[in-house]
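Trainee: Below: one structure in structure tokens.
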Amino acid sequence: MTEYMACGGIDPGNSFLWLTLGGIFFGGGFSFILNLRSRRRPAVFITMLSAAVLFMLAAFYTAGFSLEKVRIMLVWSAVFAAAGYAGFFFWKSIGIPLVFALAVIIVLVWSALLDWRCVVPGREICSLTVLSEGDDYIRIQYKTPGGAAELADAAEQSAYPVLTVIHLPDYFFLAKSGEI
Numbered sequence: 049m050t051e052y053m054a055c056g057g058i059d060p061g062n063s064f065l066w067l068t069l070g071g072i073f074f075g076g077g078f079s080f081i082l083n084l085r086s087r088r089r090p091a092v093f094i095t096m097l098s099a100a101v102l103f104m105l106a107a108f109y110t111a112g113f114s115l116e117k118v119r120i121m122l123v124w125s126a127v128f129a130a131a132g133y134a135g136f137f138f139w140k141s142i143g144i145p146l147v148f149a150l151a152v153i154i155v156l157v158w159s160a161l162l163d164w165r166c167v168v169p170g171r172e173i174c175s176l177t178v179l180s181e182g183d184d185y186i187r188i189q190y191k192t193p194g195g196a197a198e199l200a201d202a203a204e205q206s207a208y209p210v211l212t213v214i215h216l217p218d219y220f221f222l223a224k225s226g227e228i
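In terms of my numbering, the sequence shown opens at residue 49 and continues consecutively.
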């Protein structure tokens with residue numbers, strides 16, 4: 049087992065992913081049944097509503113059937129239900145640009161997090177070894193648990209590693225679980 053993992057990718061264990069999908073399908077289903085034009089299709093409504101219920105059950109399963117965050121989960125679902133309703137009801141003017149914008153956002157965030165590493169709290173993230181010292185420099189080799197090693201030169205006699213830990217909120221489901 050590796051000590052760290054890549055952060056890029058959608059986390060299927062995050063309940064907000066399933067809430068997002070459930071909200072979109074819920075709103076999309078209602079756009080097919082509430083349409084006053086000839087596009088009203090009860091079969092599509094029932095299919096999308098069934099998928100929404102399955103996604104909502106997956107959300108509560110991944111949340112451990114806990115109701116601690118039920119308020120934010122309901123608001124999150126309602127926002128995406130409204131987006132799904134608008135996207136499917138006005139599919140030419142809102143739906144297509146919305147899908148395109150979401151695809152661009154997902155690709156940009158995923159590629160931005162591709163080189164980052166998620167860490168498990170309490171695990172070793174790297175080791176430092178002093179290779180040589182001089183009067184005005186120090187050469188250090190650092191290794192990650194995955195086996196990658198790099199050299200670093202410092203212009204001073206001492207070197208200190210700097211680590212920034214970023215805690216991502218639960219609703220940021222485009223990154224794997226853990227800390228960055």
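Note that CB positions come from ideal geometry on N, CA and C, so glycine has one too.
Please read these numbers as outputs of a predicted model, since none were measured by experiment.
Using CA atoms only, rank isn't needed, just tell me which of L176, A202, D201 and E181 is closest to Y190.
Mentor: L176
Trainee: Can you tell me the Cα-Cα spacing of S63 and S125, whole angstroms?
Mentor: Between S63 and S125, the C-alpha separation is close to 11 Å.
Trainee: Between the Cα of D184 and the Cα atoms of G71, G70 and D201, which residue gives the shortest distance?
Mentor: Proximity to D184 across G71, G70 and D201 peaks at D201, based on C-alpha coordinates.
Trainee: Short of 7 Å in beta carbon distance, which residues of its chain neighbour I81, apart from the five on each side in sequence? Order them along the chain.
Mentor: R88, P90 and F93
Trainee: Excluding sequence positions up to five away, which residues of its chain have a Cβ less than 6 Å from the Cβ of F128?
Mentor: T68, G71 and I72
Trainee: Could you tell me the distance, in whole angstroms, from the CA atom of P60 to the CA atom of Y109?
Mentor: 11 Å
Trainee: Taking a contact to mean a Cβ-Cβ separation below 8 Å, would you say G77 touches A100 in this structure?
Mentor: yes
Trainee: Evaluate V167 with the Cβ neighbour count: other Cβ atoms within 10 Å of its Cβ, from every protein chain shown; 16 or more gives buried, anything less gives exposed.
Mentor: By the beta-carbon neighbour count (other beta carbons within 10 angstroms, threshold 16), V167 is buried.
Trainee: Could you compute how far the alpha carbon of A151 sits from the alpha carbon of I173?
Mentor: 32 Å
Trainee: Rounded to a whole number of angstroms, what is the C-alpha to C-alpha distance between F74 and W139?
Mentor: 15 Å
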